[in-house]
Amino acid sequence: MAPTITLVDNIPALDACLADISSVGMTKLAVDLEGVDLCRLGKISLLQILADNSNIIWLVDITVLGKLAFDHTDTDGRSLRNVLENDNIRKIFFDVRNDADSLYNLYSIELRNTYDLQVLEVAARRAINLRVKFLSGLGKAIDVYLRPSSEWKRVKDAGIALFRPDKGGSYDIFETRPLDARIQAYSAQDVELLFQLETALESKLGLNAAAWKRTVVNVSAERVAEAHSRVYAGHGEHRAIAPILSI
């Protein structure tokens, strides 16, 4: 069944989101961000989040809620900040670097227990002794490992046309309210398949899977720490170079 997309732009919706992503049995979250020049110098517009035992993709509207999105506490004492900083909840990202940079420098949020599928994809290639020079983007990884439906590609292309300047769009569309339904659908898709992608990539790790996973966890944490540093550069050709992984 296709997931439900719910926009969180008020406190009752935020309370419902917190209850869902903190429910009993939840062990990990798929997370992504959208924004304008997404780094410490830009803006976070949306935070998309999906729990592994849920069928709801929450689009938390940072443009509308601002700091309250992270610091509002529900009646059970839960906040989005606490969830993102919780060592016991794994957060699945695809390329955590600029997301970590934005969250830390704009909202003082220190991501913990991250698992970066971009790093896992490098491990999947290294596990079969391929030389890996460059990183893969999310779209390419999904195409290669999951072979998504034509509808998934249609939604992706429709969203890209709205925000990519080379397609005639503008990133400012993420800040425009009411939020375009096509942008909502595009943003939701970025987390919808992350758990499936994680499973597909881990299936490629072979007999040394446990060791490769530990390496991915360690390198993911290193990426977050790097993004927090004063000298971190969120743009540039250097970002396309794959990390050197070993077990």
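So the sequence shown is numbered by my numbering: it starts at 55 and just counts up by one. Glycine is no exception: its CB is placed at the ideal position from the N, C-alpha and C atoms.
Among the bridge pairs identified by DSSP, I237 is matched with none. In the three-state reduction of the DSSP assignment, F147 falls in the strand class.
With a beta-carbon spacing of about 16 Å, Q238 and L119 fall beyond the 8 Å limit used to define contacts. Comparing alpha carbon positions, the residue from T168, G290, A56 closest to N142 is T168.
Here W266 has A177, A181, L259, I301 as same chain residues with Cβ atoms under 7 Å from its own Cβ, once five neighbours each way along the sequence are excluded. Rounded to whole angstroms, the gap between the alpha carbons of G89 and A254 is 28 Å.
Straight across, the Cα-Cα distance linking L189 with Q172 is about 7 Å. Proximity to E252 across M55, I59, A73, D106 peaks at D106, based on C-alpha coordinates. Partner residues in a beta bridge of A70, as assigned by DSSP, do not exist.
With a threshold of 16 other beta carbon atoms within 10 Å, I298 falls short and is exposed. Around the beta carbon of S99, 16 or more other beta carbons lie within 10 angstroms, which makes this residue buried. The shortest CA-to-CA distance from A70 to any of V245, H126, A56, D91 is the one to H126.
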